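Enquirer: According to numbering that gives the first Met the number 0, the sequence shown holds residues 0 to 114 in order.
No residue lacks a Cβ here, since even glycine has one placed at the ideal position from N, Cα and C.
Because the structure is a prediction, the values reported are computed rather than measured.
Take a look at the following structure, please.
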Amino acid sequence: MIRTTRPVSWIKAARKEFERFPGGAQRDILRALTIAAEGRKADTAKLMKGLGSGVYEVALAWGGEAYRTVYIVPPGTDLWVIHAFQKKSTKGIKTPKHEIDLIRERIKWLKEMLT
């Protein structure tokens, strides 16, 4: 079986935030991104509702903290990591509105850049 792996590209700000994560959290998230680049979905990834098709979030609990990395898989292009953040909300699992707004902005920017 020939495995085709998409390249993984990063929005610069997302990469900068991701690099602040602890090493172990980075390793586990990179593993999930590699699985996604191979066309599969990691157990820690889920489709983000309300943001269009192909937008996923890797949700990781690490060292008592919650880390999130959001990626998009546009047809025929790289897998793009568009946001990474440490979730600080004390109100359940819902992603904070300001994070969702930033994700929407970056999706819009990426789509404009790719067309």
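Which residue's Cα is closest to the Cα of Phe84: Ala60, Leu78 and Asp77?
Expert: When each option's Cα is compared against that of Phe84, the closest is Ala60.
Enquirer: Compare the C-alpha of Thr4 against each of Arg14, Ala35 and Glu18 and name the closest.
Expert: Ala35
Enquirer: Excluding five sequence neighbours on each side, which residues of the same chain lie with their C-beta closer than 6 Å to the C-beta of Ala44?
Expert: Ala31, Tyr55 and Val57
Enquirer: Use the C-beta contact count for Leu78: other C-beta atoms within 10 angstroms, 16 or more gives buried, fewer gives exposed.
Expert: buried
Enquirer: Near Val72, which residues of its chain fall below 6 Å by C-beta distance, leaving aside the five closest residues on each side in sequence?
Expert: Taken in chain order, the residues that qualify are Gly53 and Leu78.
Enquirer: So is His82 buried or exposed if we call it buried at 16+ other beta carbons inside 10 Å?
Expert: buried
Enquirer: Using beta-carbon positions only, say whether Lys86 and Arg67 come within less than 8 Å of one another.
Expert: yes
Enquirer: Whose C-beta lies closer than 7 Å to the C-beta of Tyr70 among residues of the same chain, with five residues either side of it excluded?
Expert: Leu32, Ala35, Tyr55, Leu78, Trp79, Val80 and Ile81
Enquirer: Beta-carbon within less than 8 Å of Phe17's beta-carbon, same chain only, minus the 5 sequence neighbours each way: which residues are those?
Expert: Trp9, Gln25, Ile28, Thr68, Val80 and Ala83
Enquirer: In the DSSP assignment, the beta strand (DSSP E) including Phe84 goes from what residue to what residue?
Expert: Leu78 to Lys86
Enquirer: Verify whether the separation of the beta carbon atoms of Arg14 and Leu50 is less than 8 Å.
Expert: no
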